[in-house]
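**Q** Numbering (full-length UniProt numbering), first residue to last: 1 to 268. Following this message is one structure expressed as structure tokens.
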């Protein structure tokens with residue numbers, strides 16, 4: 001039972017300490033991909049430790065039950081099966097929660113599709129333009145991934161800025177950010193509210209995937225164009241988050257195209 005307790009204690013430590021460690025300082029803003037990787041490593045480590053605790057509890061109960069009194073062996077066996085029962089209940093809850101969350105993507109399509117005015121293929125993604133006065137862009141992962149774009153963007157942004165916005169949404173699809181958000185949302189539902197780990201992972205995921213997509217789009221379409229697009233959209237929508245992301249892009253140092261080509265040739 002010592003091994004079982006150790007696994008359980010380690011899982012609890014990950015649950016409690018991960019938010020404290022991973023939110024310290026401002027390094028996450030400069031290195032969002034590393035930060036997101038560490039968040040999910042902590043998440044899967046906690047899941048693995050909890051599962052190992054339940055498994056070792058059952059194995060220990062079976063072994064101990066063979067050499068101890070029937071009453072004590074029965075008690076330990078019940079404890080082991082209860083541990084597995086709790087794990088099974090969590091898995092069932094996750095399965096039940098996953099479908100409504102998956103429906104959220106379909107609801108997004110349902111809102112935009114009826115007002116779609118045109119569709120065009122672009123590098124394996126369908127760009128769906130819909131009529132709206134609000135500057136909106138949304139990536140919808142599916143077997144045929146789509147990026148929904150409002151017609152207001154064409155009036156508000158220049159062509160280079162619009163391309164940068166599309167590259168941002170394309171980065172979400174390319175890097176499967178939809179799965180990260182879904183896992184974070186399910187985790188927030190499973191973890192009791194008195195523990196900050198569930199909500200902290202969700203908040204961190206929603207922020208970090210935007211910063212990661214910003215960086216990817218800045219490299220492909222130009223940091224200046226994306227920063228200007230975000231700043232313009234932020235002013236129109238009164239969203240300070242967009243303007244803060246624009247400021248972040250302008251404060252970072254980006255390689256010029258010549259430097260990027262030189263780096264690629266050096267690694268070739």
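Where is the CB? At the ideal position from N, CA and C, for every residue including glycine.
Among the candidates 152, 207, 217, 41, whose CA atom is the shortest distance from the CA of residue 174?
**A** Residue 174 has its Cα closest to that of 217, out of 152, 207, 217, 41.
**Q** Between which residues of its own chain and residue 229 is the CB-CB distance below 6 Å, once the five residues before and five after are set aside?
**A** Excluding sequence neighbours, residue 229 sits near 157, 161, 164, 165.
**Q** Can you give me the C-alpha to C-alpha distance between residue 268 and residue 34, rounded to a whole angstrom?
**A** A caution first: residue 268 carries a pLDDT of 45, below 50, which makes its placement in the model too unreliable to give a value.
**Q** Are the beta-carbon atoms belonging to residue 227 and residue 246 less than 8 Å from one another?
**A** Contact: yes.
**Q** Return the chain-ordered list of same chain residues with a C-beta closer than 6 Å to the C-beta of residue 139, the five sequence neighbours on each side being excluded.
**A** Contacts found: 147, 169, 172, 173.
**Q** My output table needs one value for residue 24: the three-state DSSP class, helix, strand or coil.
**A** Residue 24: coil per DSSP, three-state reduction.
**Q** Kindly indicate which three-state DSSP category residue 30 falls into: helix, strand or coil?
**A** Residue 30: helix per DSSP, three-state reduction.
**Q** Nearest-angstrom Cα distance between residue 149 and residue 134?
**A** Approximately 10 Å between the Cα atoms of the pair.
**Q** When we look at the beta-carbon of residue 66 and count the other beta-carbons within 10 Å, is it buried (16 or more) or exposed?
**A** For residue 66, the predicted model reports a pLDDT of 48, less than 50, meaning its position is unreliable; a value from the coordinates is still stated below. It counts as exposed.
**Q** When the cut-off is 8 Å and only beta carbons count, does residue 250 lie next to chain D?
**A** Any reference to chain D falls outside this structure, which holds one protein chain only.
**Q** Please state whether the Cβ-Cβ distance between residue 28 and residue 189 is less than 8 Å.
**A** No, they are not a contact pair.
**Q** Should residue 44 be labelled buried (16 or more other beta-carbon atoms within 10 Å of its own) or exposed?
**A** It counts as exposed.
**Q** Helix, strand or coil for residue 136, going by three-state DSSP, please let me know.
**A** In this structure, residue 136 counts as coil in the three-state DSSP scheme.
**Q** Which residues does DSSP pair with residue 116 in a beta bridge?
**A** DSSP, once it has assigned bridges, lists 130 as partnering residue 116.
**Q** I need the DSSP call for residue 149, collapsed to helix, strand or coil.
**A** Residue 149 falls in the strand class under three-state DSSP.
**Q** Quick one: what's got a C-beta closer than 7 Å to residue 210's C-beta in the same chain, skipping five residues either side?
**A** So the list reads 245, once near-sequence residues are dropped.
**Q** Under a Cβ-count criterion, where at least 16 other Cβ atoms within 10 Å of its own Cβ denotes burial, should residue 32 be classed as buried or exposed?
**A** Looking at its Cβ environment, which holds 16 or more other Cβ atoms inside 10 Å, residue 32 is buried.
**Q** Tell me the DSSP bridge mates of residue 277?
**A** The structure shown does not extend to residue 277, since the chain spans only 1 to 268, so no value can be given for it.
**Q** If you reduce the DSSP assignment to three classes, tell me which class residue 68 lands in.
**A** Note on residue 68: pLDDT 49, under 50, position unreliable in the model; the coordinate value appears next. Three-state result, residue 68: coil.
**Q** Buried or exposed, going by whether 16 or more other CB atoms sit within 10 Å of the CB of residue 176?
**A** Residue 176 comes out exposed.
**Q** Could you give the DSSP three-state label for residue 19: helix, strand or coil?
**A** Helix.
**Q** Looking at residue 204 and residue 39, is the spacing between their C-beta atoms short of 8 Å?
**A** Against a cut-off of 8 Å, the Cβ pair of residue 204 and residue 39 comes out as a contact.
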